Amino acid sequence: MTYAFYSCICLGLVVIRTTIFPIFPILDNFFDLLLPVIVYLGFFRSVRESILMLIILGIVMDSLSGVPFGLHLASYAWLFVLVKWLKQFLHISNYFLWSFVLTLGVLIENIMLTIVENLLNPGWGFLANAVEAVLIQLVLAALTGPLMILLIRSLHEIWNQRLYRIISKGSDEGG
Numbered sequence: 001m002t003y004a005f006y007s008c009i010c011l012g013l014v015v016i017r018t019t020i021f022p023i024f025p026i027l028d029n030f031f032d033l034l035l036p037v038i039v040y041l042g043f044f045r046s047v048r049e050s051i052l053m054l055i056i057l058g059i060v061m062d063s064l065s066g067v068p069f070g071l072h073l074a075s076y077a078w079l080f081v082l083v084k085w086l087k088q089f090l091h092i093s094n095y096f097l098w099s100f101v102l103t104l105g106v107l108i109e110n111i112m113l114t115i116v117e118n119l120l121n122p123g124w125g126f127l128a129n130a131v132e133a134v135l136i137q138l139v140l141a142a143l144t145g146p147l148m149i150l151l152i153r154s155l156h157e158i159w160n161q162r163l164y165r166i167i168s169k170g171s172d173e174g175g
């Protein structure tokens, strides 16, 4: 049932990013909304529980976006590995750490995009407005990312509590 929760959250975030954000030009430079989910999985869930969602999210985002296939999957995988590694040394309850890791995720994704674009289009370069867009994404990730992780964590706890009540109610009636 945990995968149903992740599917609902991620589908909601993808719908918000692809249908609602384009309506408002101010949100054009918003970072990838699935990065907080990846960070949440890395900090608070096991590798066994997370790996399937990470692969599915990467494939879905690669299918929906116009970037070369595998870019999101690779950036999500690198971010997940980084989070799991940092978790060994740092306190995961620190909101500033969440901001730091999310900004690293935004950087990883944008650096990988730049490398791939330069490989596919050698004259592409890195435009000044791209630097501005990345800086905006970094600030937005640092400010809103921890709130998103906290929201995902709270919703997951509520989901588990309600699911436990439903299951325990069903076993009481059946016994």
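Position one of the sequence shown corresponds to residue 1 (our numbering), numbered consecutively onward. Think of the CB as a built atom: it goes at the ideal place given N, C-alpha and C, for glycine as much as any other residue. All values derive from a computational prediction rather than experimental measurement.
Check whether the region 49 to 60 and the region 71 to 79 are in contact - that is, three or more C-beta pairs closer than 8 Å.
yes
Would you decide whether T183 is buried or exposed? Buried here means 16 or more other CB atoms lie within 10 Å of its CB.
Summary: the structure shown does not reach residue 183, with the chain confined to residues 1 through 175, and so no result is reported for it.
If you measure between the beta carbons of I149 and Y40, is that distance less than 7 Å?
Position 149 of the sequence shown holds residue 149. Position 40 of the sequence shown holds residue 40. Closer than 7 Å, so yes.
Which complete alpha helix (DSSP H) runs does the region 42 to 90 hold, if anything under 4 residues is left out?
47 to 64, 71 to 87
The region 27 to 46 / the region 81 to 95 touching (three or more Cβ pairs under 8 Å)
yes
Report the residue from R165, F30, Y3 whose alpha carbon sits nearest the alpha carbon of I16.
Position 16 of the sequence shown, counted from the first residue, corresponds to residue 16. Considering only alpha carbons, the answer is F30.
Between the C-alpha atoms of S168 and R48, what's the straight-line distance to the nearest angstrom?
Walking along the sequence shown from the start, residue 168 turns up at place 168. Walking along the sequence shown from the start, residue 48 turns up at place 48. Looking at the two C-alpha atoms, the distance is approximately 25 Å.
Inter-residue spacing [alpha-carbon to alpha-carbon] between L97 and E109
The residue you call residue 97 lines up with position 97 of the sequence shown. The residue you call residue 109 lines up with position 109 of the sequence shown. C-alpha separation (whole angstroms): 18 Å.
G145 in three-state terms, based on DSSP
Here residue 145 corresponds to residue number 145 of the sequence shown, with the count starting at 1. Helix, per DSSP.
Residues near I21 by beta carbon distance below 8 Å, same chain, minus five either side:
Position 21 of the sequence shown, counted from the first residue, corresponds to residue 21. The question names Ile, but residue 21 in the sequence shown is Phe. Here the set comprises L27, D28, F30.
Is it right to say M1 is buried, meaning 16 or more other beta carbons lie within 10 angstroms of its own, or is it exposed?
Reading the sequence shown from its first residue, position 1 is the one you call residue 1. Burial call: exposed.
Any chance the CB of F69 is under 6 Å from a heavy atom of the ligand MG?
Here there are no bound small molecules, and the ligand MG is not part of this structure.
Among V116, S99, L13, E117, nearest to N64 - alpha-carbon criterion:
Taking the first residue of the sequence shown as position 1, residue 64 is located at position 64. Note that residue 64 corresponds to Leu in the displayed sequence, not to Asn. Ranking V116, S99, L13, E117 by Cα distance to L64 puts L13 first.
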